[in-house]
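Residue numbers (the working numbering), protein chains in the order written: chain A, 28 to 136; chain B, 26 to 139. No residue lacks a Cβ here, since even glycine has one placed at the ideal position from N, Cα and C. Values in this document were obtained by computation on a predicted structure and should not be read as measured data. Take a look at the structure set out below.
In structure tokens form, the structure reads like this:
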């Protein structure tokens, strides 16, 4: 089966940099995605890695290493609005998304 | 352009009852997927429909069923509700069956079973 592990909570101050790690076990997948979800809201797509390496989208970057079954999301120049849950997600060839349990990011002044 | 719309936004049902949740995808999107998110956990895949046919099913009992209409909107039906069915039900749409670059989610239907 598939499984993903990520930390349950990370706290940081405004302006700081936060890295959310994700390790996974799977027999096969297309890529690793990251979604953001504010309390009670819709998950919003942030980033996707199909190949090993770093993808940068504004203040957010995501990394994948298939050989290490590992990825991370990097949040730079943290803002209060970045307080939310962040999910690492495996995408399979059928379009099914497998979500991790999520990491609650708390940004303090 | 409207995003993914779900109705109702909130719902309270009694154990044993039946519920129907509705989803309208983004215009032009042919794929609709349903997810269940229990409080404090990540969303869990229930169904995917593409071009009005079921293309994938998650590990949910037969009490859960869904369908997609000619206009690509979709319904999720849950029979014989249990307390454990209380969750946020999310709908996601995509223009293709496998969208590697992100699905668009609706804000969900919050179902409470009492």
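When B:138, B:121, B:135 are compared, the shortest CA-CA separation from residue 58 of chain B is found for B:121.
The contact set of residue 80 of chain B on chain A, defined by CB atoms closer than 8 Å, consists of 121, 122 in chain order.
The CB of residue 129 of chain A comes closer than 7 Å to the CB of 67 in chain B, given here in chain order. Apart from the 5 residues on each side of it in sequence, residue 111 of chain A sits with its Cβ closer than 7 Å to the Cβ of 63, 64, 65, 132 in its chain, given in chain order. Under the 7 Å criterion on CB atoms, residue 111 of chain A is classed as non-interfacial with respect to chain B. Residue 57 of chain A and residue 30 of chain A have their alpha carbons spaced roughly 15 Å apart. Residue 108 of chain B carries a helical assignment under DSSP once its states are collapsed to helix, strand and coil.
Residue pairing by DSSP places residue 29 of chain B in no beta bridge whatsoever. Residue environment analysis places residue 139 of chain B among the exposed positions, since fewer than 16 neighbouring C-beta atoms fall within 10 angstroms of its C-beta. In this chain, the beta strand (DSSP E) harbouring residue 57 of chain B covers 56 to 62. Contact check for residue 98 of chain A against residue 87 of chain A fails: the beta carbons are separated by 7 Å or more.
Distance from the CA of residue 136 of chain A to the CA of residue 101 of chain A, rounded to the nearest whole angstrom, comes to 19 Å. Residue 27 of chain B counts as exposed, since fewer than 16 other beta carbons sit within 10 angstroms of its beta carbon. Within the segment 49 to 68 of chain B, the residues whose Cβ lies closer than 9 Å to any Cβ of chain A are, in chain order, 56, 58, 60, 62, 65, 66, 67, 68. Spatial neighbours of residue 44 of chain A in its own chain (CB-CB distance under 6 Å, excluding positions within 5 residues in sequence) are listed in chain order as 103. Judged by their CB atoms, residue 122 of chain A and residue 73 of chain B are nearer to each other than the 7 Å cut-off. Between residue 61 of chain B and residue 51 of chain B, the C-beta gap is not smaller than 7 Å, which leaves the two residues out of contact.
If you ignore the 5 residues before and after residue 120 of chain A, its C-beta comes within less than 7 Å of the C-beta of 57, all in its own chain and listed in chain order. For residue 73 of chain B, the closest Cβ of chain A is nearer than 7 Å.
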